Amino acid sequence: MPKVYLLLLAIVFCYVPVQVRAQKLNFSYDASGNQSERRWVCINCRPAAGLLAEKKLSTGISPAQNEGDGITEKTLKVYPNPVSESVNVSWTLPNRAYVKSMEVIGMGGNRVFTGKYSPEDKNTQIVLNKIPPGTYLLVIKYSDSTSESVKLIKI
1 MPKVYLLLLA
11 IVFCYVPVQV
21 RAQKLNFSYD
31 ASGNQSERRW
41 VCINCRPAAG
51 LLAEKKLSTG
61 ISPAQNEGDG
71 ITEKTLKVYP
81 NPVSESVNVS
91 WTLPNRAYVK
101 SMEVIGMGGN
111 RVFTGKYSPE
121 DKNTQIVLNK
131 IPPGTYLLVI
141 KYSDSTSESV
151 KLIKI
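If you use the UniProt record's numbering, the sequence shown corresponds to residues 1 to 155, in order.
Now the structure itself:
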């Protein structure tokens, strides 16, 4: 009886298609030799074009609607860094988002600057001439409940 089971098992394994998938990592480098991109490639895998199309359709925003806003990506400029007297911050945000507040926090956790902003504001200047030299964090809080931090060096 066990021989019959082994024979049936061998027959089943012969008829079940076996699919082999190989994986490969591709690296791209810039002119100075720094790694600029790492891409995972799966050879003999099914394409995920159907999933990508579903994700595009599920957003409900067509490219024509997105062009109406004019701004499609977030930009944040903080300059000069290192800072001696004051730092300039300018931003553009998509989807009617805006900067709610900014804080400059020292490495010890002390808050040295706090500012609140309206949706119309697109830039500000933060005067830092009365704080001692050191490393500080500029924490920016957005209206969509996200935040971003930038390291500032005060000289």
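From the three backbone atoms N, C-alpha and C, an ideal C-beta is built for every residue, glycine too. Being a predicted model, the structure only gives us computed values, none of them experimental.
In the displayed model, K130 falls within coil according to three-state DSSP, outside both helix and strand.
Distances from the CA of E103 to each of S84, P2, K151 and G134 were compared; the closest alpha carbon is that of K151. Boundaries for Y98: no beta strand (DSSP E) harbours it, and the DSSP string shows neither H nor E there.
For S149, the enclosing beta strand (DSSP E) starts and ends at S147 to K154. A Cβ-Cβ distance of about 11 Å is found for the pair V78 and I153, leaving them out of contact under the 8 Å criterion.
Judged by their CB atoms, N123 and N88 are nearer to each other than the 8 Å cut-off. Relative to Y117, the option among E85, S143 and G33 whose CA is nearest is S143.
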